[in-house]
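*Asks:* Numbering (full-length UniProt numbering), first residue to last: 1 to 250.
All residues carry an ideal CB built from backbone N, CA and C; glycine is no exception.
This one's a predicted model, so the numbers in the text were calculated from it and none came from an experiment.
1. For residue 86, tell me which candidate among 72, 151, 62 has the shortest Cα-Cα distance.
2. Can you tell me whether residue 158 is helix, strand or coil according to DSSP?
3. Along the chain, which unbroken stretches of the alpha helix (DSSP H) at least 4 residues long are found entirely within the segment 123–204?
4. Write down every uninterrupted run of the beta strand (DSSP E) in the segment 20–80 whose length is 3 residues or greater and which is fully enclosed by it, in chain order.
5. Inspect the CB distances between the segment 62–74 and the segment 220–236 and report whether three or more fall short of 8 Å.
6. Taking 7 Å as the cut-off, decide whether the C-beta atoms of residue 212 and residue 170 are in contact.
7. Is residue 206 closer than 7 Å to residue 248 when the C-beta atoms are compared?
8. When we look at the beta-carbon of residue 251 and count the other beta-carbons within 10 Å, is it buried (16 or more) or exposed?
9. Using 8 Å as the threshold, is the segment 83–103 in touch with the segment 155–164, meaning 3 or more CB pairs across them?
10. For residue 237, I'd like the list of residues in its chain whose CB is within less than 8 Å of its CB, leaving aside the five on either flank, ordered along the chain.
11. Would residue 208 pass as a contact of residue 34 if the rule is Cβ separation under 7 Å?
12. Cα-Cα, which of 137, 21, 6 is closest to residue 218?
13. Quick one: measure Cβ to Cβ for residue 119 and residue 104, integer angstroms, because I've assumed they're closer than 8 Å.
14. Report yes if the CB atom of residue 19 is closer than 7 Å to the CB atom of residue 42, and no otherwise.
15. Please classify residue 196 as buried or exposed, where buried requires at least 16 neighbouring CB atoms within 10 angstroms.
16. Using the C-alpha atoms, what's the distance from residue 132 back to residue 141?
17. With DSSP run on the structure shown, which of helix, strand or coil describes residue 86?
18. Tell whether a beta-carbon distance below 7 Å holds between residue 11 and residue 24.
19. Give the range of the alpha helix (DSSP H) segment to which residue 230 is assigned.
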């Protein structure tokens with residue numbers, strides 16, 4: 001399989017707290033890698049380093065062999081190759097902006113030709129419909145939508161740049177169970193249509209089991225188990241993994 005993203009010995013220290021202790025793993029093209037663990041295990045720290053929000057204390061991230069961190073500066077090359085959808089769509093969408101402007105925002109740093117192409121009315125209408133919304137929704141504001149609809153908008157904003165890697169940081173945890181299933185199925189459809197690679201971060205083992213091809217179990221900043229989803233869930237080796245899986249049955 002073709003490796004598209006390589007996380008190499010990532011370490012992150014915040015003051016006296018070590019959030020990551022030399023974490024390494026690869027993402028392969030077209031797969032969904034589920035990153036699981038309880039709150040504080042370091043999951044979101046990995047995501048934030050990959051997209052340039054936090055710098056690593058040591059180690060690096062490589063996208064197609066291009067290292068993203070150089071002398072503590074983030075350089076992702078072609079902007080838009082890696083995008084992220086955050087946990088809470090209410091706080092990640094600017095309430096003062098229309099949905100149209102929110103979705104177009106990631107294109108602002110692109111060359112005009114690319115902005116015109118990806119941000120055309122035809123492409124925008126096609127995009128909003130692909131996430132289960134309608135053209136008339138483009139001129140409304142975030143407060144006019146439900147939580148599930150806002151997360152659909154956040155997904156549309158993330159994929160307008162045609163990213164190859166999409167990081168999903170607890171994208172369903174703020175939603176009702178019935179809405180969670182809708183968003184997960186939407187993500188599966190988008191991945192199949194666009195041949196995208198997902199890093200899916202969650203503490204919900206049932207959700208990870210449903211959507212992931214491979215799983216990495218993170219505990220206090222380091223992996224305790226990693227493997228194919230079926231192997232990890234059907235024959236967990238580490239006691240911590242067993243504890244997380246047992247929570248599905250509780």
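*Replies:* Inspection of the coordinates gives the following:
1. Counting from 1 along the chain shown, the entry for residue 86 is found at position 86. It is 151 whose Cα lies nearest to the Cα of residue 86.
2. The count along the chain shown starts at 1 and reaches residue 158 at position 158. Of the three classes helix, strand and coil, the one that applies to residue 158 here is helix, per DSSP.
3. 147–159, 177–194
4. 32–36, 58–63
5. no
6. For this step, residue 212 is matched to residue 212 along the chain shown. For this step, residue 170 is matched to residue 170 along the chain shown. Not a contact, by the Cβ cut-off of 7 Å.
7. Mapped onto the chain shown, residue 248 falls at position 248. Mapped onto the chain shown, residue 206 falls at position 206. Taking 7 Å as the Cβ cut-off, residue 248 and residue 206 qualify as a contacting pair.
8. Beyond the ends of the chain as shown, which are 1 and 250, falls residue 251; an answer cannot be given.
9. yes
10. The residue you call residue 237 lines up with position 237 of the chain shown. Cβ within range, chain order: 225.
11. The residue you call residue 208 lines up with position 208 of the chain shown. The residue you call residue 34 lines up with position 34 of the chain shown. Taking 7 Å as the Cβ cut-off, residue 208 and residue 34 qualify as a contacting pair.
12. As a working mapping, residue 218 is identified with position 218 in the chain shown. Nearest option by C-alpha distance: 21.
13. Within the chain shown, the letter at position 119 stands for residue 119. Within the chain shown, the letter at position 104 stands for residue 104. That pair is a contact at about 5 Å.
14. Translated into positions along the chain shown, residue 19 becomes position 19. Translated into positions along the chain shown, residue 42 becomes position 42. Contact flag set, yes.
15. Taking the chain shown and counting its residues from 1, one reaches residue 196 at position 196. Buried: at least 16 other Cβ atoms inside 10 Å.
16. Against the chain shown, residue 141 aligns to sequence position 141. Against the chain shown, residue 132 aligns to sequence position 132. When rounded, the distance between both Cα atoms is 17 Å.
17. Your numbering for residue 86 matches position 86 in the chain shown. Three-state result, residue 86: coil.
18. Counted from its first residue, the chain shown places residue 11 at position 11. Counted from its first residue, the chain shown places residue 24 at position 24. Not a contact, by the Cβ cut-off of 7 Å.
19. Sequence index remark: in the chain shown, residue 230 carries index 230 (1-based). Note, residue 230: alpha helix (DSSP H), 229–234.
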